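Peer 1: Got a structure here, written out as structure tokens. Questions coming.
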Amino acid sequence: MLKRKRGDIMENLIIGVLTLFLLGIYFVLVYNGIITLANKVNEAFSTIEVYLKKRYDLIPKLVDAVDAYILHEKQTLNLITETRNASIIANKQSSIIELNNKLSKNIEELMILVESYPSLKANQNFIDLQAQLVEIEENIADARKYYNGSVRMYNNYICIFPNVIIANILGKKQKNFFEINNEEKQNIIIK
């Protein structure tokens, strides 16, 4: 009887140690998965920032090209410059996203104004800057898709059971998508 109790204790001890070992391995795997996906999100956002920097660098040239032609629309140009400057110094992802949505809207309004100035639309410097801007905007849109896909994978991974338990222990929260605002979703009609 004593031998049987010792065998049961030893068996339970081995099962307990093995269970803890397997839980430890699972914890490490989930932790590594969270870190890998978080790094992918950060990499994707860095890609967006590269294209945003290109847009920031292009805006002063665009404003200068338009400034000589659009004499009565200084408010739009000032808004673009102010929003650009605020975007450059923003350091939180949510602020960067919000300011860049506003900047996109301001640039779109500028392009609508340009429609009223045929001589500006025919200016080769402006045409070149506009082509560069279109290319940068397309790159930003592609980078935004990649970022949002990375965020979706990360958020899904940390929200499924039992990963959610480990994510909560580690203090990991869901990431925000880089979404366009409702005003940008609407098509603007140029008359």
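For the sequence shown, the numbering used here assigns the number 18 to the initial residue and increments by one for each residue that follows.
Cβ atoms here follow ideal geometry from the backbone N, Cα and C, with glycine treated the same way.
Computed from a predicted model, the values in this text were never measured in an experiment.
#1: On the CB-based measure, 16 or more other CB atoms within 10 Å of its CB, does Gln-147 come out buried or exposed?
#2: Locate the alpha helix (DSSP H) running through Glu-132, then write down its first and last residues.
#3: How many angstroms separate the CA atom of Ser-167 from the CA atom of Lys-71?
#4: Which residue marks the beginning of the alpha helix (DSSP H) containing Asn-173, and which one marks its end?
#5: Let me know if Ser-133 comes out buried or exposed under the rule of 16 or more other beta-carbons within 10 Å of its beta-carbon.
#6: Using 8 angstroms for Cβ pairs, my map puts Ile-105 next to Val-80. What's the rounded Cβ distance?
#7: Indicate the three-state DSSP secondary structure (helix, strand or coil) for Gly-188 in the structure shown.
#8: For Phe-195, which three-state DSSP category applies?
Peer 2: Taking the coordinates as given:
#1: Taking the sequence shown and counting its residues from 1, the one referred to as residue 147 is at position 130. Flag for Gln-147 reads buried.
#2: Residue numbering aside, residue 132 sits at position 115 when the sequence shown is read from its first letter. First-last for Glu-132: undefined, no H or E at that position.
#3: As a position in the sequence shown, residue 167 is number 150, starting the count at 1. As a position in the sequence shown, residue 71 is number 54, starting the count at 1. Computed Cα separation, rounded: 22 angstroms.
#4: In the sequence shown, the residue the question calls residue 173 occupies position 156. Its alpha helix (DSSP H) spans residues 141-176.
#5: Sequence index remark: in the sequence shown, residue 133 carries index 116 (1-based). Of the residues assessed, Ser-133 falls on the exposed side of the cut-off, its CB having fewer than 16 other CB atoms within 10 angstroms.
#6: Taking the sequence shown and counting its residues from 1, one reaches residue 105 at position 88. Taking the sequence shown and counting its residues from 1, one reaches residue 80 at position 63. 14 angstroms between Cβ atoms; not a contact.
#7: Walking along the sequence shown from the start, residue 188 turns up at place 171. It is coil, neither helix nor strand.
#8: Taking the sequence shown and counting its residues from 1, one reaches residue 195 at position 178. DSSP places Phe-195 in coil when its eight states are reduced to three.
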